[in-house]
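In my numbering, the protein residues as written are 20 to 266. Note that CB positions come from ideal geometry on N, CA and C, so glycine has one too. Contents: one structure, followed by commentary.
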Ligand SMILES: C[S@@+](CC[C@H](N)C(=O)[O-])C[C@H]1O[C@@H](n2cnc3c(N)ncnc32)[C@H](O)[C@@H]1O
């Protein structure tokens with residue numbers, strides 16, 4: 020039986036003709052200095068991050084509730100000669116989680132209008148990290164002019180609130196970064212606006228060389244503070260991004 024969530028996201032992607040596209044800027048910023056290993060892209064959607072990671076040499080598992088998105092990414096990866104680097108599987112992350120352990124797990128704008136226990140699934144993600152591995156969670160922190168939702172009362176959970184929802188032991192999973200950088204984003208019509216991202220970067224204790232490198236070279240001075248970041252929005256994700264009232 021097709022669930023409401025599967026139906027919603029499959030309808031969303033069914034009319035899509037192009038897959039891949041630009042990676043999300045925060046993912047690129049965090050992953051670029053890392054030594055490629057195994058990555059998991061949670062709610063991969065059109066697959067811009069998956070394809071970019073595979074091009075950087077990562078072995079990527081991409082999961083999404085939409086079978087249409089999964090099939091689109093699979094055939095796009097194959098057409099780029101990246102079929103050996105990308106495993107794309109359908110998962111309702113409220114019901115099942117991919118097997119294995121990972122050096123990098125990314126949840127970019129994993130928002131949905133359908134009920135989803137994000138705390139539980141992100142806690143599972145943290146447990147699926149290898150020692151020294153990184154969990155990067157990037158959520159919307161503001162409403163772009165081209166978003167579906169223009170409700171000024173929308174509450175965007177802060178990184179601290181997201182961390183509280185995941186409820187991890189900070190000695191085993193310390194937060195390397197919890198901030199709300201702003202950046203100039205480009206909308207579907209080419210319009211430009213300043214948007215905020217809510218960023219939480221968690222590391223599993225027991226650093227490996229690649230994770231130590233990011234902790235030492237990229238992040239000092241950015242722990243639990245506000246930082247400016249620049250980059251382009253993967254704007255096609257923005258209009259559909261919802262999570263408990265966030266659109
Ligand atoms: C706002 S989109 C973000 C897509 C992609 N990460 C990006 O940044 O372009 C949210 C994604 O989460 C997926 N999603 C929503 N609910 C899900 C669930 N229960 N299990 C797995 N994926 C889900 C949707 O299909 C959609 O691709």
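Write down every uninterrupted run of the beta strand (DSSP E) in the segment 133-207 whose length is 3 residues or greater and which is fully enclosed by it, in chain order.
148-159, 194-198, 201-205
Pairwise C-alpha distance: residue 40 and residue 67
5 Å
State yes or no: is the C-beta of residue 30 nearer than 7 Å to some heavy atom of ligand 1?
no
Below 7 Å, is the gap between the Cβ of residue 127 and the nearest heavy atom of ligand 1?
yes
Since residue 157 contacts residue 111 with CB under 8 Å, what's their CB separation in whole angstroms?
No, residue 157 and residue 111 are not in contact; Cβ-Cβ is about 21 Å, not under 8 Å.
Inspect the CB distances between the segment 130-146 and the segment 96-105 and report whether three or more fall short of 8 Å.
The segment 130-146, when compared against the segment 96-105, does not touch it at the 8 Å Cβ threshold.
How is residue 57 classed by DSSP in three states: helix, strand or coil?
strand
Report the rounded CA-to-CA distance for residue 191 versus residue 210, giving the unit in angstroms.
Looking at the two C-alpha atoms, the distance is approximately 43 Å.
Check whether the segment 45-54 and the segment 144-156 touch, using three or more Cβ-Cβ pairs below 8 Å as the test.
yes
Residue 201 versus residue 212: straight-line alpha-carbon distance, rounded:
10 Å
Flag residue 111 as yes when its Cβ comes closer than 7 Å to any non-hydrogen atom of ligand 1, and as no otherwise.
yes
Taking all protein chains shown into account, decide if residue 21 is buried (16 or more other Cβ within 10 angstroms of its Cβ) or exposed.
exposed
Find the nearest neighbour of residue 174 within the set 161, 186, 184, 185, judged by alpha-carbon distance.
Nearest option by C-alpha distance: 161.
Indicate the three-state DSSP secondary structure (helix, strand or coil) for residue 37 in the structure shown.
coil
Here's the rule I'm using: 16 or more other beta-carbon atoms within 10 Å means buried, otherwise exposed. How should residue 204 be labelled?
With at least 16 other beta carbons inside 10 angstroms of its own, residue 204 counts as buried.
With a threshold of 7 Å, establish whether the CB of residue 270 neighbours any heavy atom of ligand 1.
Because residue 270 is not part of the residues shown, which for the chain are 20 to 266, the question remains open.
At a cut of 8 Å, does the segment 180-196 reach the segment 103-123 through at least three beta carbon pairs?
no
Selection from 56, 176, 86 that minimises the alpha carbon distance to residue 149
Selected option, being the one with the closest Cα: 56.
Per-residue burial, residue 222 [other beta carbons within 10 Å of its own, 16 or more giving buried]
buried
Can you look up residue 111 in the DSSP assignment and give me helix, strand or coil?
coil
Less than 8 Å between the beta carbons of residue 187 and residue 142, yes or no?
yes
Can you find the residues in the same chain that come closer than 6 Å, C-beta to C-beta, to residue 260, ignoring five residues on each side of it along the sequence?
With a pLDDT of 33 at residue 260, under the threshold of 50, the modelled position of that residue is not reliable, and the figure given next carries that caveat. Excluding sequence neighbours, residue 260 sits near 128, 130, 159.
Under 7 Å: does the beta carbon of residue 131 sit that close to some heavy atom of ligand 1?
Yes, Cβ of residue 131 sits closer than 7 Å to a heavy atom of ligand 1.
Does residue 84 come within less than 8 Å of chain B when only Cβ atoms are used?
Of the chains in the structure shown, none is chain B; there is only one protein chain.
Secondary structure at residue 64, three-state DSSP: helix, strand or coil?
coil
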